[in-house]
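Colleague: In the working numbering, the protein residues as written are -3 to 409. Dropping the structure in here first, questions after.
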Amino acid sequence: MQTTIAPELANDPRAIAATEVLKKCVHCGFCLATCPTYNLLGDELDSPRGRIYLIKQVVEGHEPTAATRTHLDRCLTCRNCETTCPSGVEYGHLVDLGRSLVEDKVPRSGVDKWLRKGILSVLPYSKRVTPLVKLGQVVKPLLPGALGRAVPASQTVPALPTTQHERHMLVLDGCVQPSMAPATNASAVRVLDALGISLNGAAESGCCGAVHYHLNEQEAAKNFIRRNIDAWWPSVEAGCEAIIVTASGCGVMVKDYGHVLADDAAYADKAARVSALAKDIVEVVGDVLASEDLSRFKETAAAVGKVAFHPPCTLQHGQKLPQVTERLLARLGFNLTPVADAHTCCGSAGTYSIFQPAISQQLKENKVRNLLAGQPDIIATANIGCQLQIQGGSGQTVVHWIELVDRVMTAQV
Ligand code: SF4
Ligand code: SF4
-3 MQTTIAPELA NDPRAIAATE VLKKCVHCGF CLATCPTYNL LGDELDSPRG RIYLIKQVVE
57 GHEPTAATRT HLDRCLTCRN CETTCPSGVE YGHLVDLGRS LVEDKVPRSG VDKWLRKGIL
117 SVLPYSKRVT PLVKLGQVVK PLLPGALGRA VPASQTVPAL PTTQHERHML VLDGCVQPSM
177 APATNASAVR VLDALGISLN GAAESGCCGA VHYHLNEQEA AKNFIRRNID AWWPSVEAGC
237 EAIIVTASGC GVMVKDYGHV LADDAAYADK AARVSALAKD IVEVVGDVLA SEDLSRFKET
297 AAAVGKVAFH PPCTLQHGQK LPQVTERLLA RLGFNLTPVA DAHTCCGSAG TYSIFQPAIS
357 QQLKENKVRN LLAGQPDIIA TANIGCQLQI QGGSGQTVVH WIELVDRVMT AQV
């Protein structure tokens, strides 16, 4: 798609980068078929191709309106369209650039602005989230319907191993997950320990930066990213093999650090190195077990019952790891139920469920219906946002799949 940058944007790196992405789009429209917002709303401007057109217009100097911003806001950044696109259009990067350009021209005001500020001042900080979660758990029985169901029950965190192996990796502690689902990283530590790998956190690391980045506070996001790089760098230099991320939404962000800081002279190389080391937990567990006979786990895995697995968009479309978790769980002997429309977003999408509640609710209902169709005994996923969203919609306990693997490897079924 040929784009002529408007003179006033000729030196704007966002417009230049957007033009590079726009070049690849041949306007075929294949991506419409898998776009959740297009399928729900039926408006081409709520489809990938429609949003691409809107961004092209802004780059070419057309004045965006509040409606332009709304169509971009409604995008889940699920990147399902990237998986479908035959031309390799990097839509995820494009929509971030487009949002930033539009927001300059159509700034937010009122409730929207203050709600964003409120969320940004709490969610990325584990020390602020934890007391709120604890309070929520106390009043959970008094909370109405979906709100009560969305508050995660307090988890029992399994004991951590004390052995240090020669093979060692870092783990992202993150912000929301340690408060809401502390068992996830504990299980990751235990499973990797059983496979001969030590997993260690870095005290000064924290939020991956995704909350700020996707709410268009990209400079603030870069500060979170630099802080994590600084916290991890001594271990990287000491030869740590990988940086493990158990929340796929954070993993896709860490894998993008090199891209985000490409123009930062002081951090570009380090960011690229960190991104190259970043791995979802399934990549490591899958690699280690790739050539092993796993028949010893089959009986305990079968005892878990039927498992419905939801692959987060950030795992299958963002990190391009479709079916990897499902294949691993099946090899371990878990009884996976078939789930219709597994490629589609559950409506969580970071803070999307807060800002676009109606669309998020519809997607949640569809997802929960499809997950429950096979009458599973348990639902598993790979991202804390999806976990809470599906739990809120189904009323069932939803776990990270690594907890199931932990149970099977340590026979706690
Ligand atoms: S499928 Fe790809 S090339 Fe075709 S319209 Fe969508 S983004 Fe453009
Ligand atoms: S990222 Fe998802 S919601 Fe946004 S345009 Fe692509 S498929 Fe549609």
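Backbone N, C-alpha and C define an ideal beta-carbon position, used for all residues, glycine too.
Assuming Val250 contacts Val241 under a Cβ cut-off of 8 Å, what Cβ separation, rounded to an integer in Å, is found between them?
Modeller: Counting from 1 along the sequence shown, the entry for residue 250 is found at position 254. Counting from 1 along the sequence shown, the entry for residue 241 is found at position 245. The pair is a contact, with the Cβ atoms about 6 Å apart (cut-off 8 Å).
Colleague: State the start and end residues of the unbroken alpha helix (DSSP H) segment that holds Leu321.
Modeller: For this step, residue 321 is matched to residue 325 along the sequence shown. The question names Leu, but residue 321 in the sequence shown is Thr. Note, Thr321: alpha helix (DSSP H), Val320 to Leu328.
Colleague: On the criterion of 16 or more Cβ atoms from any shown chain inside 10 Å, does Pro82 qualify as buried, or is it exposed?
Modeller: By 1-based counting over the sequence shown, the position of residue 82 is 86. Pro82 should be labelled exposed.
Colleague: Using the Cβ count rule (16 or more neighbours within 10 Å means buried), how would you classify Val135?
Modeller: Here the question's residue 135 lines up with position 139 in the sequence shown. Answer is exposed; the Cβ neighbour count stays below 16.
Colleague: At a cut-off of 7 Å, would you count Cys81 as near ligand 2, judging by its Cβ distance to the nearest heavy atom?
Modeller: Along the sequence shown, read from residue 1 onward, the residue named residue 81 stands at position 85. Cys81: no, Cβ never under 7 Å from ligand 2.
Colleague: Is the beta carbon of Val280 closer than 8 Å to that of Leu400?
Modeller: Numbered from its first residue, the sequence shown carries residue 400 at position 404. Numbered from its first residue, the sequence shown carries residue 280 at position 284. Taking 8 Å as the Cβ cut-off, Leu400 and Val280 do not qualify as a contacting pair.
Colleague: What do you reckon, are the CB atoms on Ala267 and Gly254 nearer than 8 Å?
Modeller: Start at 1 with the first residue of the sequence shown, and residue 267 comes out as number 271. Start at 1 with the first residue of the sequence shown, and residue 254 comes out as number 258. Their beta carbons are under 8 Å apart, which means Ala267 touches Gly254 by this criterion.
Colleague: Counting Cβ pairs, one atom from each stretch, are 3 or more of them under 8 Å apart for the region 159 to 173 and the region 194 to 204?
Modeller: Enough Cβ pairs lie closer than 8 Å, so yes.
Colleague: Report all residues from its chain with a CB closer than 6 Å to the CB of Ser194; omit the five preceding and five following residues, and keep chain order.
Modeller: The sequence position of residue 194 within the sequence shown is 198, counting from 1. Contacts found: Gln160, His161 and His164.
Colleague: List in chain order: all unbroken beta strand (DSSP E) runs of 3+ residues lying wholly within the region 222 to 246.
Modeller: List check, beta strand (DSSP E) in window: 239 to 241.
Colleague: Report yes if the C-beta of Cys71 is less than 7 Å from at least one heavy atom of ligand 1; otherwise report no.
Modeller: By 1-based counting over the sequence shown, the position of residue 71 is 75. No, ligand 1 has no heavy atom inside 7 Å of this Cβ.
Colleague: Run through the DSSP bridge pairs and tell me what His396 is partnered with.
Modeller: Here residue 396 corresponds to residue number 400 of the sequence shown, with the count starting at 1. Its beta-bridge partners are Thr377.
Colleague: Please find out if some non-hydrogen atom of ligand 2 comes closer than 7 Å to the beta-carbon of Tyr87.
Modeller: Start at 1 with the first residue of the sequence shown, and residue 87 comes out as number 91. Indeed, a heavy atom of ligand 2 lies less than 7 Å from the Cβ.
Colleague: On the CB-based measure, 16 or more other CB atoms within 10 Å of its CB, does Ile398 come out buried or exposed?
Modeller: By 1-based counting over the sequence shown, the position of residue 398 is 402. Under this definition Ile398 is a buried residue.
Colleague: Please list, in chain order, all residues of the same chain as Asn212 whose beta carbon is under 7 Å from its beta carbon, the five residues on each side excluded.
Modeller: Along the sequence shown, one-based indexing puts residue 212 at 216. So the list reads Arg95, Ser96 and Glu99, once near-sequence residues are dropped.
Colleague: Is any non-hydrogen atom of ligand 2 found closer than 7 Å to the C-beta of Cys74, if you look at the structure I gave you?
Modeller: Here residue 74 refers to the residue found at position 78 when the sequence shown is read from its first residue. Yes, Cβ of Cys74 sits closer than 7 Å to a heavy atom of ligand 2.
Colleague: Check whether the Cβ atoms of Val404 and Leu328 lie closer than 8 Å to each other.
Modeller: Locating residue 404 in the sequence shown gives position 408, where the first residue counts as 1. Locating residue 328 in the sequence shown gives position 332, where the first residue counts as 1. Closer than 8 Å, so yes.
Colleague: How about Tyr34: is its Cβ closer than 7 Å to a heavy atom in ligand 2?
Modeller: As a position in the sequence shown, residue 34 is number 38, starting the count at 1. Checking every heavy atom of ligand 2 against the Cβ of Tyr34, one is found closer than 7 Å.
Colleague: Considering Leu285, what are the terminal residues of the beta strand (DSSP E) in which it resides?
Modeller: Reading the sequence shown from its first residue, position 289 is the one you call residue 285. From DSSP, Leu285 is part of no beta strand (DSSP E) but of the alpha helix (DSSP H) over Ile277 to Leu285.
Colleague: Out of Asp252, Thr406 and Tyr87, which one is the CA nearest neighbour of Lys19?
Modeller: On the sequence shown, position 23 is the one that residue 19 refers to. Cα-wise, what sits closest to Lys19 is Tyr87.
Colleague: In the DSSP assignment, the alpha helix (DSSP H) including His67 goes from what residue to what residue?
Modeller: On the sequence shown, position 71 is the one that residue 67 refers to. Ala62 to Asp69 is the extent of the alpha helix (DSSP H) around His67.
Colleague: Please classify Val102: does DSSP put it in a helix, a strand, or coil?
Modeller: On the sequence shown, residue 102 is found 106 positions in, with the first residue counted as 1. In this structure, Val102 counts as coil in the three-state DSSP scheme.
Colleague: In or out: Glu295 buried (at least 16 other Cβ within 10 Å) or exposed?
Modeller: Taking the first residue of the sequence shown as position 1, residue 295 is located at position 299. Flag for Glu295 reads exposed.
Colleague: Helix or strand or just coil, what does DSSP make of Ser194?
Modeller: Translated into the one-based positions of the sequence shown, residue 194 becomes position 198. Residue state, collapsed to three classes: strand.
Colleague: For the putative contact between Phe26 and Thr66, defined by C-beta atoms under 8 Å, what is the C-beta separation to the nearest angstrom?
Modeller: Residue 26 sits at position 30 when you count from the first residue of the sequence shown. Residue 66 sits at position 70 when you count from the first residue of the sequence shown. Wrong, their Cβ atoms sit about 25 Å apart, outside the cutoff.
Colleague: Using a threshold of 8 Å, state whether the C-beta atoms of Thr33 and Arg186 are closer than that.
Modeller: Mapped onto the sequence shown, residue 33 falls at position 37. Mapped onto the sequence shown, residue 186 falls at position 190. No. Outside cutoff.
Colleague: I'd like to check one pair, Val256 with Ile221: are the Cβ atoms closer than 8 Å?
Modeller: Here residue 221 is taken as the residue at index 225 of the sequence shown, counted from 1. Here residue 256 is taken as the residue at index 260 of the sequence shown, counted from 1. Against a cut-off of 8 Å, the Cβ pair of Val256 and Ile221 comes out as a contact.
Colleague: Does ligand 1 have a heavy atom nearer than 7 Å to the CB of His255?
Modeller: Here residue 255 is taken as the residue at index 259 of the sequence shown, counted from 1. Not under cutoff, so the answer is no.
Colleague: Thinking C-beta only, is Glu322 closer than 8 Å to Pro307?
Modeller: Locating residue 307 in the sequence shown gives position 311, counting from the first residue. Locating residue 322 in the sequence shown gives position 326, counting from the first residue. For Pro307 and Glu322, yes; Cβs fall inside 8 Å.
Colleague: Is it a yes or a no for the region 140 to 149 touching the region 101 to 116, going by three-plus beta-carbon pairs under 8 Å?
Modeller: No, they do not touch.
Colleague: Short of 7 Å in beta carbon distance, which residues of its chain neighbour Val409, apart from the five on each side in sequence? Order them along the chain.
Modeller: The sequence position of residue 409 within the sequence shown is 413, counting from 1. The predicted position of Val409 is uncertain, since its pLDDT is 46 and thus under 50; no value can be drawn from it.
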